[in-house]
Each structure stands twice: as structure tokens, then as C-alpha cells.
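Asks: Quick one: this structure, given as C-alpha cells, is what I'll be asking you about.
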Amino acid sequence: MKKFITSFLIITLLIVLSVGVTKAYFTSSVNNDNNQFSSGTIKVSLTDENNQEYASPAWNISNITPGWNTGSNPSIKTFKVNNIGSLDFKYQLTFNPNVPSGESNNALYKAMMVSYKIGNNDWIDKTLEDLMNDTSITGTVSANSSSQDILIKPYLPTTTGNTAQDGTFNFSLIVKATQTNNPTFNQ
Amino acid sequence: MLRFLFFSFIFSLILISPTNADFIDKKTVKNNQFIATTLDFSQLKTTDNSSIETLFNIDNISPGGYQVNSLRIKNKSETDMNYFLTFGKIDGSDDFCNQLEINLIKDGQSKYQGPLVDLNLNINANNKEDFSDWLIYLKLSDKYVKSKSEFCDFNLNINAFSDPNQKSGFKYKRSILNHISSS
């Protein structure tokens, strides 16, 4: 038995030695260092005509009567949608109510109108209610410090009826930007 | 076994469904508000500022007879308010109502003097908490000839408008009851 074990160990050693011969191929390599993948950035800011970030709120108007802001010298606010990221983006600007519509006097936002002008396009009139949910105020801004101006003039038509009296509309103005090829972002 | 395979298939579908990982950024300008104004006023006694529901309540008035009352109209709106004082017949004899005359005096000046039925007086209450004190003479014409028992029930209407031209805009109305009879 001892001889058998000795023979086995010798044979195993011979196999290991025969397999463990060195290989001496000619090889060469070149390194291409410092490669990287980095994602682009979507970053939006909303500023006024003097490039100042909008301090909240943009509007805090009380005591509105029919005919408010319809005169010859209306109050018009400029909103600059700035692309401060590295990717082109598309955006939506919405008037987002702070309370569910059923909990406020919705006659006011149904009656109020908003005139807006995107870039060099024509002025468009919509009801405030229209601008709460849909994608009316939209655009595309290319990367690296480009911007688009949006002029907004809210007003209460002189023909507004009595139901809007004592109405209140609290809201946030939200600009949302995403990459231009985002298929889930409607415009 | 078949059931196991089915649920395994559904589970696999859920696992391999694509995730939506688009880049999005958002900025919010908060706390904006639009508040519409309210038109509101009250009709009060000048003695103690209590509310007036009835101004004149006269029975057995004679030709040439009159009564004087006072009325305070207080603007409780947040805005300027135009209001109109008008006559609104409720019940009674047209002939008798036509024989009633009214004189409305404010700040020592007569603002309207004439037939009650033609009353349509425009007043501008241009300050919040502004109030107007009125002296009101109501008289049965000297020329009235009593032939039978007649009466005139009417409202003194106070119609407030945000639009001075009354064409549109917010409005608010209150009425004060009156009863005049010849018997």
C-alpha cells in the first residue's frame, strides 16, 4: 500500500511538471487610457426679464374686479425658461392649483383668462382652467445657456358674471423640463 | 404544474418590463394667488348701527302728511362700490304709489326729490368702510284725494355694482321693506 501511494505521488508530480512548462509567445499591447461615459444633464431655471430667479410668488393679487388688467397699460410678467444643463430639453409650464378644484370657488378660474406669448410667436388667449392641466405653454430650448421668453398677462374679462365674486385661486407655477426624446412627455 | 408555469410567465413579464428613466428637472414658483373682490354693504339705523329691515311703516297717512327717517348705508366691500337707490313695488295701488313723493338728503344736500316711483339715484361709495347717512322724507302728495282705502307696499332697493355702467361685473342687492296706507 505504501508503494502504491509513493507511486501515485511520483506520477502526479510528473504530470504537474509536464503541464507546468512555460510558454513564451511574443506579445505586445497598447493602452487607451482615461475613457469615460458621462451622462448629460437636464437643468432648468425660471427667471424674470432681469435674469433674477423668481421669488415666490409671481402673483399675489387681491380685490380683483371684472375688467382687471384689461386696460391700455396691463401688467405683463416675463418668464425666461433657461437651459443650464448640457442637453437640449423640452418643457411645459402649468398653473397648478394648490387645492382640489371642488374645494374652492371654481367660478373664478373658469372666468379668468390668460394671454401668453412664447418667444416671437403670436399672443394666445386661454382660460386659466385650460392652463391648469394641459400642455399649452410648451417649447424647446437648446443646451448650454439658451433660453426662451414667455410673456404672461392674466386678466378678468369685463363680462365676468357675479358667480366669480369672492373667488380665490391659489396655485403654483411649475416649469418641467425633460430630454427632447422623452416619449412620455407630451407637448 | 401548468399553473406554476403560468404564474412564472407572468412574473417574468413583470420583471422584464422596461423602466422609464428619463431625465427631468422642475422649478416651482409657489404661493401665487388671485382673489376676486366682494361687494357687500349693510343698511343700518343711524342711532345704534343695528340693521334696518323696515324703514317706513305708516297707516292713515293724510294728503300732505309726511314722515322722516334716517338710514346709514355702510360699504363693507374691499373695493369702491357704486350703488343705486330704486323703488320696487311689491303690492298695492299704482295710483296711490304714484302720489308718494320722496326727498333723499345726504350731507345736507338733496340728492333726489320727486315721485317715489321714479327714484333711480346713483351713488359712489368710494372708500372701504365708507358710509352714507341719509335723511329720507316720504310724503303723500297734497293733491291726493282719498276716495277709498289704498296702500302701497314697496322695497327701497339698494343695488351695488362694481361696474359704474352696470353693464356687467359683480353686483349685490339688498332691499328695505316699506308699507304706506291711507287707512
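Protein chains in written order, with numbering that gives the first Met the number 0: chain A, 0 to 186; chain B, 0 to 182.
Virtual Cβ for every residue (Gly too), placed ideally from N, Cα, C.
When you compare each of B:Leu-139, B:Ala-124, B:Tyr-171 and B:Phe-130 to B:Thr-45 by their alpha carbons, which one comes out closest?
Replies: Nearest of B:Leu-139, B:Ala-124, B:Tyr-171 and B:Phe-130 to B:Thr-45, Cα basis: B:Phe-130.
Asks: What is the residue span of the beta strand (DSSP E) that A:Phe-88 lies within?
Replies: Per DSSP, A:Phe-88 belongs to the beta strand (DSSP E) from 88-96.
Asks: What did DSSP end up calling B:Thr-27 once you bin it into helix, strand or coil?
Replies: Looking at B:Thr-27 - three-state DSSP - the assignment turns out to be strand.
Asks: Just how far apart, CA to CA, sit B:Asp-162 and A:Pro-73?
Replies: Going from the Cα of B:Asp-162 to the Cα of A:Pro-73 covers about 18 angstroms.
Asks: Considering only C-alpha positions, which residue in the set B:Leu-43, B:Thr-53 and B:Thr-78 is nearest to B:Leu-70?
Replies: Per the Cα distances, B:Leu-43.
Asks: Using CA coordinates, which residue listed in B:Gln-112, B:Gly-107, B:Asp-93 and B:Asp-106 is at the minimum distance from B:Glu-100?
Replies: Nearest of B:Gln-112, B:Gly-107, B:Asp-93 and B:Asp-106 to B:Glu-100, Cα basis: B:Gln-112.
Asks: B:Tyr-82 to B:Leu-139, Cα distance in whole Å?
Replies: Looking at the two C-alpha atoms, the distance is approximately 26 angstroms.
Asks: If I follow the unbroken beta strand (DSSP E) through A:Met-231, where does it start and stop?
Replies: With chain A covering only 0 through 186, there is no way to say anything about residue 231 of chain A.
Asks: Going straight from the alpha carbon of A:Asp-32 to that of A:Phe-88, what length do you get?
Replies: Roughly 32 angstroms separates the two Cα atoms.
Asks: What does DSSP give as the partner residue(s) for A:Leu-127 in the beta ladder?
Replies: Answer by DSSP bridge pairing: none, since A:Leu-127 is not bridged.
Asks: Note the first and the last residue of the continuous alpha helix (DSSP H) segment covering A:Asn-82.
Replies: Note, A:Asn-82: premise wrong, no alpha helix (DSSP H); beta strand (DSSP E) at 76-82.
Asks: For B:Thr-78, which option in A:Thr-69, A:Asn-81 and A:Thr-64 has the closest C-alpha, if you only look at C-alpha atoms?
Replies: Comparing Cα-Cα distances from B:Thr-78 to each of A:Thr-69, A:Asn-81 and A:Thr-64, the minimum goes to A:Thr-64.
Asks: At which residue ranges does the region 99-130 of chain B contain complete beta strand (DSSP E) runs of 3 or more residues, listed in the order of the chain?
Replies: Qualifying beta strand (DSSP E) stretches, in chain order: 99-105, 108-114 and 119-124.
Asks: If we define contact as Cβ-Cβ less than 8 angstroms, is A:Thr-159 a contact residue for chain B?
Replies: It does: the Cβ of A:Thr-159 has a partner Cβ on chain B nearer than 8 angstroms.
Asks: Within 8 angstroms (strictly less), CB to CB, does B:Thr-37 reach chain A?
Replies: Closer than 8 angstroms to some Cβ of chain A, the Cβ of B:Thr-37 qualifies, so yes.
Asks: Helix or strand or just coil, what does DSSP make of B:Asp-132?
Replies: Strand, per DSSP.
Asks: Going by DSSP, what residues sit across from B:Tyr-171 in a beta bridge?
Replies: Looking at the DSSP assignment, B:Tyr-171 forms a beta bridge with B:Ala-159.
Asks: Between B:Ser-61, B:Ile-23, B:Asp-141 and B:Asn-164, which has its C-alpha nearest A:Thr-40's C-alpha?
Replies: Of the candidates B:Ser-61, B:Ile-23, B:Asp-141 and B:Asn-164, the one whose C-alpha sits nearest the C-alpha of A:Thr-40 is B:Ile-23.
Asks: What do you reckon, are the CB atoms on A:Lys-42 and A:Gly-84 nearer than 8 angstroms?
Replies: Contact flag set, yes.
Asks: Thinking just about the alpha-carbon of each residue, which of A:Phe-36, A:Thr-139, A:Ser-71 and A:Tyr-108 is nearest to the one in A:Asn-181?
Replies: Answer by Cα proximity: A:Thr-139.
Asks: My understanding is that B:Thr-85 touches B:Asn-158, with C-beta atoms under 8 angstroms, so please give their C-beta distance in whole angstroms.
Replies: With a Cβ gap of about 7 angstroms, B:Thr-85 and B:Asn-158 count as contacting.
Asks: For chain A, is any of its Cβ atoms less than 8 angstroms away from the one on B:Phe-83?
Replies: Not one chain A Cβ lies under 8 angstroms of B:Phe-83.
Asks: Would a C-beta distance cut-off of 8 angstroms place A:Lys-79 and A:Asp-148 closer than the cut-off?
Replies: Their beta carbons are under 8 angstroms apart, which means A:Lys-79 touches A:Asp-148 by this criterion.
Asks: With distance defined between alpha-carbon atoms, name the residue in B:Val-116, B:Thr-27, B:Asp-58 and B:Ser-41 nearest to B:Gln-98.
Replies: The candidate whose alpha carbon is nearest that of B:Gln-98 is B:Val-116.
Asks: What are the boundary residues of the beta strand (DSSP E) that includes B:Asn-81?
Replies: 80-91 is the extent of the beta strand (DSSP E) around B:Asn-81.
Asks: Check whether the Cβ of B:Asn-74 lies closer than 8 angstroms to any Cβ atom in chain A.
Replies: No, because no Cβ of chain A sits closer than 8 angstroms to the Cβ of B:Asn-74.
Asks: Closer than 9 angstroms by beta-carbon distance: list the chain A residues that pair up with B:Gln-32, in chain order.
Replies: Those within 9 angstroms of B:Gln-32 in chain A are Pro-56, Trp-58, Asn-59, Ile-60, Ser-61, Asn-97, Thr-167, Phe-168, Asn-169 and Phe-170.
Asks: Who are B:Cys-151's beta bridge partners in DSSP?
Replies: Per DSSP, B:Gly-91 and B:Ile-179.
Asks: Put A:Asn-143 into one of helix, strand or coil per three-state DSSP.
Replies: Three-state DSSP puts A:Asn-143 in coil, outside helix and strand.
Asks: Spell out whether any CB of chain B is found under 8 angstroms from the CB atom of A:Lys-175.
Replies: At least one chain B Cβ lies under 8 angstroms of A:Lys-175.
Asks: Find the residues of chain A that neighbour B:Lys-29, judging by a C-beta separation of less than 7 angstroms, and give them in chain order.
Replies: Neighbours of B:Lys-29 on chain A, chain order: Ser-55, Pro-56 and Ser-171.
Asks: Cβ of B:Phe-55 within 8 angstroms of Cβ of B:Asn-177?
Replies: Contact flag set, yes.
Asks: So, does the CB of B:Asp-129 fall closer than 8 angstroms to a CB anywhere in chain A?
Replies: False, the Cβ-Cβ gap to chain A never drops below 8 angstroms.
Asks: Suppose the cutoff is 8 angstroms on Cβ atoms and the five residues either side in sequence are ignored; what does the same chain contact list for A:Leu-112 look like?
Replies: According to the sequence as given, residue 112 of chain A is Met; it is not Leu. Cβ neighbours of A:Met-112 beyond the five flanking positions: Asp-124, Lys-125, Thr-126, Leu-127, Pro-153, Tyr-154, Leu-155 and Pro-156.
Asks: Checking contacts by CB at 8 angstroms: is B:Asp-21 closer than that to chain A?
Replies: It does: the Cβ of B:Asp-21 has a partner Cβ on chain A nearer than 8 angstroms.
Asks: With a threshold of 8 angstroms between beta-carbons, can A:Gly-66 be considered close to chain B, or not?
Replies: Yes, contact with chain B.
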